[in-house]
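All remarks here apply to the structure that follows.
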Amino acid sequence: MENAHIVSRFDKDLDRIKNRILEMGDLVLTQIAQATDLLQDFDAPTADQLIARDRKVNGMNKTIHSRAERLIALRQPVALDLRAALSPINIAFELERIGDHAKSCAKSARKLANAPADTAAMQIVLDMSALVQAMLADVLRAYNDSDIALAADVRARDIEVDRQNKALFEIGLTSIASSPENAEALVLKILLARNFERVGDHIVNIARHVHQIVTGEDLKASD
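Take 597 as the starting number for the sequence shown in my numbering and just add one per residue.
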């Protein structure tokens, strides 16, 4: 009976940490969406709030890390339980990095507020943001549901993110050559695309963690 109580406490503690991960993921997803909106309609107070809110994301990362470490130390889980207890540390780190990219996007939006319009380049950036937002929402659902098929689908979609990043880089170089006076704005858009490409990479890492929790297989060496 005592062992059953210990297992029950472990599951409840793990569920609390898991819910914290999902809350952090929702906050980061909101950060990306708002940062993207700033690229289309810049608002200085909103940008300031978004940048300041990144401290909350950082704090959530530290809290999750501490709670997961404490859970492992107290319960000493093995196999699947150990993977489930370790994963929040790794996933929270990836979410924290995505939050950093959202903050970086908001800062770039400030610099681009008065830049010349470049519909083609900016549209690729916006398309990339839409892709990674959908990927992040789905990978959080895959984590919550232990859905390795959905996690695999998320990983596969990153190919399109990489393709669009490469396309914008090529467009940017061509545009800089033909319109050197707009070089600064074009470089910022190239960096924005790189920003979202890195977001995609962090989401792929989360998808790999989901796969490893469920199967025990580490995909880092094979993906």
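Idealized CB from N, CA, C, for every residue including glycine.
In this text, all values refer to a predicted model and were calculated from it rather than measured experimentally.
Straight across, the Cα-Cα distance linking residue 663 with residue 649 is about 22 Å. It is roughly 17 Å from the alpha-carbon of residue 708 to the alpha-carbon of residue 765.
With respect to the C-alpha of residue 702, the residue from 684, 637 and 660 having the closest C-alpha is 637. Residues of the same chain with a CB within less than 6 Å of the CB of residue 796, apart from the 5 flanking positions on each side, are 728, 754 and 757 in chain order.
For residue 641, the three-state secondary structure derived from DSSP is helix. Put simply, of 674, 739, 625 and 741 the residue whose alpha carbon is nearest the alpha carbon of residue 730 is 625. Distance from the Cα of residue 747 is smallest, within the candidate group 762, 798 and 710, for 798.
Remark: C-beta atoms of residue 617 and residue 660 approach each other more closely than 8 Å. The continuous stretches of alpha helix (DSSP H) do not include residue 816, and DSSP gives it neither H nor E.
Counted as a single uninterrupted DSSP element, the alpha helix (DSSP H) harbouring residue 793 occupies residues 779-811.
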